[in-house]
Amino acid sequence: MGSVSFDVVPVISHRPAPGSVYRSPQLYSKLRPDMDSDNSSADAISTIWKHAYKGGGWRPCTNKSSGGLPDTNGYIYVEANGGLNQQRTSICNAVSVAGYLNATLVIPNFHFHSIWRDPSKFRDIYDEDYFISTLENDVRVVNKIPAYIMERFDQNMSNVYNFRIKAWSPIQYYRDAVLPRLLEEK
1123 MGSVSFDVVP VISHRPAPGS VYRSPQLYSK LRPDMDSDNS SADAISTIWK
1173 HAYKGGGWRP CTNKSSGGLP DTNGYIYVEA NGGLNQQRTS ICNAVSVAGY
1223 LNATLVIPNF HFHSIWRDPS KFRDIYDEDY FISTLENDVR VVNKIPAYIM
1273 ERFDQNMSNV YNFRIKAWSP IQYYRDAVLP RLLEEK
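Okay, here's the thing in structure tokens:
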């Protein structure tokens, strides 16, 4: 059998673990020339931060209207399907669309799907009261469609107009196709 000599100690150099060194300044300095040379207005929102408010920082509006939300343009009822992440995305999209159209959002219904086999309702996963109160200054949210509207449809949701909105529809579609129909059904 052979022997191993320990006269020479190997040198092991330790590199920092990935992500353990804050490298944003180096990355920023590398990308800055490209950002400066790009004079397109496609990303206009980034120019907001180039000209800070006179006082040295941004502050909330002190002249905000306290009149509450304007009258609703109608009701949006969403059936979210798929797994939890798809349902969450549907809820976020519904809140955005309701805010854009100044519509009242009805608490979303989770569609039971034979693949997921999850009978959970919105209130089983989310705190409805917190959801409603968090959005109260931005989007009107109700637990159910008002009775006077359901009476017009013989208490049958299948009689309510159903939008078949394609994925990735532009915002103009909601303004030009959905809003007029909402106002019509209001």
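Going by the working numbering, the first residue of the sequence shown is number 1123, and it counts up by one from there. Yeah, the Cβ is synthetic: ideal placement off N, Cα and C, and Gly gets one too.
- Cβ-Cβ separation between E1307 and G1196: approximately 6 angstroms, consistent with a contact (criterion under 8 angstroms).
- Only residues of its own chain outside the window of five on either side were considered, and among them G1221 have a CB closer than 6 angstroms to the CB of D1260, listed in chain order.
- The three-state reading of DSSP puts I1198 in strand, counting E and B together.
- With a contact defined as Cβ atoms closer than 8 angstroms, P1230 and V1200 qualify at about 4 angstroms.
- Sixteen is the threshold: since fewer than 16 other Cβ atoms of the shown chains lie within 10 Å of the Cβ of R1274, the residue is exposed.
- For I1229, there is no enclosing alpha helix (DSSP H); the enclosing beta strand (DSSP E) has its first and last residue at 1226–1232.
- An exposed status is given to F1285, since fewer than 16 other beta-carbon atoms sit within 10 Å of its beta-carbon.
- Within the segment 1204–1287, the runs of alpha helix (DSSP H) at least 4 residues long that lie entirely inside it are, in chain order, 1206–1223, 1244–1247, 1250–1257, 1269–1274.
- For L1305, the enclosing alpha helix (DSSP H) covers residues 1301–1307.
- Going by C-alpha positions, N1224 is about 11 angstroms away from Y1296.
- When the alpha-carbon of G1205 is set against those of I1247, S1280, D1193, the nearest one is in I1247.
- When the beta-carbon positions are compared, I1198 and V1228 come within less than 9 angstroms of each other.
- Between the alpha carbons of S1218 and I1271 lies a distance of about 23 angstroms.
- Here DSSP, grouped into helix, strand and coil, assigns D1156 to helix.
- About 12 angstroms separates the beta carbon of F1234 from that of Q1209, a gap too long to meet the 8 angstroms contact definition.
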